[in-house]
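Residue numbers (my numbering): 807 to 964. Read the structure below first, then the notes.
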């Protein structure tokens with residue numbers, strides 16, 4: 807077998823093995839807490855998968871809090887909305903997006919290590935099954951009243 811045949815075979819294998827990729831873009835991210843003395847906070851954003859493979863947000867990490875979890879709101883049998891951890895994470899289908907929004911899915915910070923101050927940023931590492939770890943600096947916006955829609959810029963995988 808010639809070296810040319812080996813190289814062509816290796817290139818074809820590499821091309822086939824990387825054909826389906828999840829490419830994650832984080833948009834419209836912001837974080838907030840309920841006040842300067844709050845012990846908890848949350849981050850919201852739109853996670854866009856521009857790739858050809860499905861992905862899943864499976865975790866988040868930050869030095870800004872003692873614990874960081876993926877949460878959602880569920881209505882219990884008595885009609886009361888309760889926050890709960892989503893251990894399996896959030897699916898991000900190929901060519902689609904998933905909004906983390908107030909009143910729904912979000913990143914939850916428990917045991918905040920310092921107050922979330924207007925205009926500051928919160929460093930967060932989002933962990934995806936396919937795309938791996940994506941570090942983002944999420945701006946704190948204590949004044950925002952709506953869900954996703956206002957553009958705070960885009961943050962892309964490094």
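Even for Gly, the Cβ is constructed at its ideal location relative to N, Cα and C.
Run through DSSP, which three-state label would residue i get?
{"i": "residue 921", "result": "coil"}
{"i": "residue 953", "result": "A caution first: residue 953 carries a pLDDT of 47, below 50, which makes its placement in the model unreliable, though a value can still be read off. It is coil, neither helix nor strand."}
{"i": "residue 842", "result": "coil"}
{"i": "residue 946", "result": "strand"}
{"i": "residue 849", "result": "strand"}
{"i": "residue 902", "result": "strand"}
{"i": "residue 939", "result": "strand"}
{"i": "residue 931", "result": "strand"}
Who are the near neighbours of residue i in its chain, counting only those whose CB is closer than 7 Å to its CB and skipping five residues on each side?
{"i": "residue 859", "result": "826, 827, 828, 900, 936"}
{"i": "residue 857", "result": "827, 828, 829, 900"}
{"i": "residue 891", "result": "875, 876, 877"}
{"i": "residue 902", "result": "855"}
Report yes if the CB atom of residue i is closer than 9 Å to the CB atom of residue j, and no otherwise.
{"i": "residue 868", "j": "residue 921", "result": "no"}
{"i": "residue 906", "j": "residue 830", "result": "no"}
{"i": "residue 904", "j": "residue 889", "result": "no"}
{"i": "residue 872", "j": "residue 927", "result": "no"}
{"i": "residue 870", "j": "residue 929", "result": "yes"}
{"i": "residue 835", "j": "residue 862", "result": "no"}
Looking at the secondary structure, which residues open and close the beta strand (DSSP E) in which residue i lies?
{"i": "residue 865", "result": "861 to 867"}
{"i": "residue 886", "result": "No beta strand (DSSP E) contains residue 886, which DSSP labels as neither H nor E."}
{"i": "residue 871", "result": "871 to 881"}
{"i": "residue 892", "result": "Run containing residue 892: none; DSSP gives neither H nor E here."}
For residue i, collect the residues of the same chain with a Cβ closer than 6 Å to its Cβ; drop the 5 residues on either side in sequence, then sort them by chain order.
{"i": "residue 931", "result": "867, 939, 941"}
{"i": "residue 887", "result": "879, 881"}
{"i": "residue 948", "result": "838, 924"}
Excluding the 5 residues preceding and the 5 following residue i in the sequence, name in chain order all residues of the same chain whose CB lies nearer than 8 Å to its CB.
{"i": "residue 848", "result": "837, 838, 839, 877, 908, 912, 913, 914, 915"}
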